[in-house]
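Going by the numbering used here, the sequence shown opens with residue 611, and the numbers climb by one from there.
Here the structure is laid out as structure tokens; the discussion comes afterwards.
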Amino acid sequence: MTTKRQIYSTKRLENIKKQRGKYPSLLKKIIETSDIILEILDARFSKEMKNEEIEKLIKNKGKKIIYVLNKSDLTRKRDKRLNPRIFVSCKNRKGISELRNKIKSEAAKIKKEGKYNRVQVGVIGYPNTGKSSLINLLIGKNSAKTGAEAGFTKGIQKLRLTEGIHLLDSPGVIPTEGYSMTDREKIAQHVKVGGKSYSQVKNPELALNEIVKSNKKELERFYKIKFDNAEDLIEKIGKKKSFLKKGGEINSDQTARAILKDWQIGVIEI
Ligand SMILES: Nc1nc2c(ncn2[C@@H]2O[C@H](COP(=O)(O)OP(=O)(O)OP(=O)(O)O)[C@@H](O)[C@H]2O)c(=O)[nH]1
Ligand SMILES: [Mg+2]
């Protein structure tokens, strides 16, 4: 059995509304109450996910930040500009003990400075980067709930790492700068990096087009086919999977979503 301590009540509001409403304020609370912040980024898209605005706040408050680049099993890219940084893969359980040791040594420093007895570590980042999965591996049990679609964690959850060190799980937040509910380009970008789920996006074909622009080669390798553009890819995969409408025509919405799902659940290496 798992023990959970919700420090804020969580109502099941629409995730998208919270994105601009409740979540950023939860994030600020986390930063205020934490001594160390782990910013979890997807190693494939660290640049797109980095939250400069929040980092400014973290620095202003004099808190320690550690960059954690997760899903490193999906790419050979290693963003070396971030400091300090630790590359991990929850899937392959790589880098977890290195991170645990880093947290413990930073916490020990804070305790030694005599500031506090108990150290709180806030885990923040873009939606779906693996924050909850990482917490579970760090603490060695499945206490934080995880899910394949963005927007899974809806509130703050406090979990014990060791004596005197607590981790705070938080809902994913898209940086204000890149966020939009209406700009089609921006939404396609959110889908590409996994911040908006394949099942929720209104126009999956447009989002797929964005991925094809940057990762055509990887899609061809994964599906073992050659294609010209997003439309052609949908046509070929739709036929292969027999995603057809009543008249026998390819169901392009269903096909595009299926491809986005493969992309988002992390089976396509880039
Ligand atoms: N390939 C791969 N997938 C991962 C890794 N870590 C997590 N995932 C997957 O990513 C998805 C999201 O994981 P969560 O831990 O729920 O992510 P989160 O950041 O807590 O998501 P939100 O609460 O929605 O912000 C799940 O399907 C995980 O299985 C990893 O290292 N590699
Ligand atoms: Mg989560």
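Idealized CB from N, CA, C, for every residue including glycine.
Everything numeric in this text was worked out from a predicted model, so none of it was measured.
Here the region 766-774 makes no contact with the region 824-832; the two share fewer than three CB pairs at distances below 8 Å.
Between ASN693 and LYS851, the alpha-carbon positions lie close to 44 Å from each other.
In terms of Cβ geometry, LYS796 and GLY804 do not form a close pair [threshold 9 Å]. A distance below 7 Å between beta-carbons, with the five flanking residues on each side excluded, links ARG654 to the following residues of its chain, in chain order: LYS681, LEU684, THR685, LYS687 and ILE880. Considering only ILE821, VAL783 and LEU778, the residue with the shortest C-alpha distance to ALA798 is ILE821. Judged by pairs of C-beta atoms under 8 Å, the region 776-783 does not touch the region 833-848, as fewer than three such pairs exist.
The residues ILE650, ASN680, LYS681 and CYS700, in chain order, have a CB closer than 7 Å to that of GLY740 in the same chain once the five nearest residues on each side in sequence are set aside. Unbroken beta strand (DSSP E) runs of no fewer than 3 residues, entirely contained in the region 719-750, are found at 729-735, following chain order.
Annotation for ILE875: ALA758 place their beta carbon closer than 7 Å to its own, counting only its chain and skipping 5 residues before and after. By the Cβ-count criterion, TYR726 is exposed, with fewer than 16 other Cβ atoms from all chains shown falling within 10 Å of its own Cβ. Contact between the region 664-671 and the region 857-871 is not established, with fewer than three Cβ pairs separated by less than 8 Å. The C-alpha of LYS855 is placed about 20 Å away from the C-alpha of LEU816.
By the criterion of a C-beta distance shorter than 7 Å, THR643 is surrounded in its chain by GLN730, once the five residues flanking it on both sides are discounted. Judged by the Cβ position, GLY757 qualifies as a neighbour of ligand 2 at the 8 Å threshold, a heavy atom of the ligand being closer than this. Around the beta carbon of ASP842, fewer than 16 other beta carbons sit within 10 angstroms, so the residue counts as exposed. Minimum Cα-Cα distance from VAL811 among the listed residues TYR677, LEU870, ILE844 and LEU777 corresponds to LEU870.
The three-state secondary structure of LYS823, taken from DSSP, is helix. Nearest C-alpha to ILE706 among ALA717, GLU662, PHE853 and SER743: SER743. Annotated three-state conformation of PHE697 is strand, per DSSP.
DSSP lists ILE676 and VAL733 as the bridge partner or partners of LEU648.
Annotation for GLY876 indicates a beta carbon within 8 Å of some heavy atom of ligand 1. In summary, ARG703 is exposed, with fewer than 16 beta-carbon neighbours lying within 10 Å of its beta-carbon over all protein chains present. Contact between ILE640 and ILE734 holds, since their C-beta atoms are separated by about 6 Å, short of 8 Å.
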